[in-house]
Amino acid sequence: MILDRLPVENSGRLNPGITRKEAFALVEKYNKEPFHLQHASTVEAVMRYFAAKLGYGSETDFWGLVGLLHDLDFEQYPDEHCIKVCEIFDAEGINPQIKRAVVSHAYGFTQNDVKPEHQMEKVLYAADELTGLIGAAILMRPSRSTLDLTVQSLKKKYKDKKFAAGCSREVIREGAELLGWELEHLMDETIKAMQQNEQRDRENLSNIEM
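For the sequence shown, the residue numbers in this note's numbering are 195 to 404.
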């Protein structure tokens, strides 16, 4: 599968070909399960965090949309995950570079040979499974929150292969290696990204209640 590549270096603002509102409407069109909608929003927030953290501040919205749309076809087309999405993106006129990034996160798991190459693609590949593991971990905590989750606690869950068995430890480890990071660093930054998002949600809710 040949898809347009993003330049390896930061190249300035990118045009996604879709607004955030349009992208979320598309996610809702193909996904009805609350878990999938929440996962899409979580990965969006994590991608936005990493864009800013890694020096791609002008591309924050683009990275976020990649995260929001990454599992667009999974609920309805699990056997064609990251294959059917190409048809959907083409029909919607979405930037081919978003398509490539989304498809690359399933490298090695679906019938495609699109390997994560750009930093954004590597982050998505690494963080997708890890956000799922973190989400499962916090459900076991009294607080049910990321705000008091530590790397040490998460590592224990990571090492327990029976815990959240659907979250591939191999992909998480390979993602860290693709980025050239220690596993603990990937965990720490992803926890911080989810903490930032949770804190923002709490503040927004507080403002609404006031």
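All C-beta atoms in this analysis are idealised placements derived from N, C-alpha and C, irrespective of residue type, glycine included.
Short check: CB of residue 248 to CB of residue 296, under 8 Å? no
For the ligand ADP, is there any heavy atom lying closer than 7 Å to the beta carbon of residue 313? You won't find the ligand ADP in this model; it holds no ligand whatsoever.
My understanding is that residue 309 touches residue 301, with C-beta atoms under 8 Å, so please give their C-beta distance in whole angstroms. 5 Å
In or out: residue 146 buried (at least 16 other Cβ within 10 Å) or exposed? Absent from the model: residue 146. The displayed extent of the chain is 195 to 404, so no value can be given.
Just mark residue 210 as buried or exposed, buried being the case when its beta carbon has 16 or more other beta carbons within 10 Å. buried
Own chain residues within Cβ distance below 6 Å of residue 330, not counting five before or after: 358
At 4 residues or longer, and completely inside the stretch 243 to 282: list those alpha helix (DSSP H) runs for me, N to C. 254 to 263
DSSP three-state assignment for residue 301, whether helix, strand or coil: coil
What is the DSSP secondary structure of residue 317, reduced to helix, strand or coil? helix
Cβ-based burial, residue 200 [other Cβ within 10 Å; buried from 16]: Note that residue 200 scores 47 on pLDDT, short of 50, meaning its location in the model is unreliable; the coordinates nonetheless yield the value given after this. Buried, because 16 or more other Cβ atoms sit within 10 Å of the Cβ of residue 200.
Any contact of the stretch 372 to 383 with the stretch 337 to 352, i.e. 3+ C-beta pairs under 8 Å? yes
Helix or strand or just coil, what does DSSP make of residue 393? helix
What residue from 255, 227, 237 has the CA that sits closest to residue 299's CA? 237
Is residue 242 buried or exposed, if buried means 16 or more other CB atoms sit within 10 Å of its CB? buried
Considering residue 217, what are the terminal residues of the alpha helix (DSSP H) in which it resides? 214 to 224
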